[in-house]
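Those protein sequences? They're chains W and S, same order as listed. The numbering of the first sequence is the numbering used here, which starts it at -14 and goes up by one. The numbering of the second sequence is the numbering used here, which starts it at 111 and goes up by one.
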Amino acid sequence: SAVISQKPSRDICQRGTSLTIQCQVDSQVTMMFWYRQQPGQSLTLIATANQGSEATYESGFVIDKFPISRPNLTFSTLTVSNMSPEDSSIYLCSVEDVRLQGPVSTDTQYFGPGTRLTVL
Amino acid sequence: QKEVEQNSGPLSVPEGAIASLNCTYSDRVSQSFFWYRQYSGKSPELIMSIYSNGDKEDGRFTAQLNKASQYVSLLIRDSQPSDSATYLCAVNSYTGNQFYFGTGTSLTVIP
């Protein structure tokens, strides 16, 4: 599976500021995703980061709040803008790994280590 | 109706017992099914994937899929304290090429 790294691993930020999270993959991947996981909750998809086009956002998430860049097939950033304490969460990037197993195409998602964000 | 549903637990089993984790999904055209393990403070780690009806075994883990019943399960044999974690069920719906995650089942293996 792909090796995924995220920076920073954690941060404590002040209300009203912005934080950019980086996700780096050791191989070229078509699809990259950004998730949020709030304390004690499951994963919520924020957006799909597309290379060469704008990200596709899920309901409840907007580009002004969570701008995403995808300059190439190994890298993406997520910015959390104008932060409030409600943005305190773990932010995870994931990549899609598509493989052919005989006549069947299978795809799997692998996750980076996550960024733990605390907003004061 | 949620796309993927799991019992949130917590589920406690004694060491050496079989832990059984269950998941149901709503989209009949779903084709790919996954179990992730997430230790506290860590990111989800893929432990099993299954694509066709029946059982798939990998070491102490067995995934079971029943598409007619829209049901997927994970059995952990000879449970160890190191298996204590939250287990997330995920389903890939080809209608939107999106992964849907359950809320996770917390498992504690008691030594």
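Glycine is no exception: its CB is placed at the ideal position from the N, C-alpha and C atoms.
- Taking W/SER61 as reference, the option from W/SER79, W/SER74, W/SER73 and W/GLU71 with the minimal CA-CA separation is W/SER79.
- As the crow flies, the alpha-carbon of S/SER122 is around 17 Å from that of S/CYS133.
- Of the residues assessed, W/VAL(-12) falls on the exposed side of the cut-off, its CB having fewer than 16 other CB atoms within 10 angstroms.
- Counting only the Cα atoms, W/PHE18 lies some 13 Å from W/GLU39.
- Between the C-alpha atoms of S/ALA127 and S/PHE171 there is a straight-line separation of about 13 Å.
- Less than 8 Å divides the Cβ of W/ILE53 from the Cβ of W/LEU63.
- Put simply, the backbone Cα of W/ASN67 is about 12 Å away from that of W/SER73.
- Exposed is the label assigned to W/GLY1, since fewer than 16 other Cβ atoms lie within 10 Å of its Cβ.
- The DSSP-derived three-state label of S/GLU167 is strand.
- For S/ASN176, no CB of chain W lies under 8 Å from its own CB, so it is not counted at the interface with that chain.
- Chain-ordered listing is empty here: chain S has no CB closer than 7 Å to the CB of W/PHE46, the nearest sitting near 14 Å.
- Contact annotation for S/THR213 against chain W: GLN26 and SER27 [CB-CB distance below 8 Å, chain order].
- Chain S places a beta carbon closer than 8 Å to that of W/ASP92, counting this residue as a contact.
- The DSSP-derived three-state label of S/SER203 is strand.
- Short of 6 Å from the beta carbon of W/GLN23, and not among the five residues preceding or following it, lie these beta carbons of its own chain, in chain order: SER74.
- For S/SER142, the nearest CB of chain W lies under 8 Å from its own CB, placing it at the interface with that chain.
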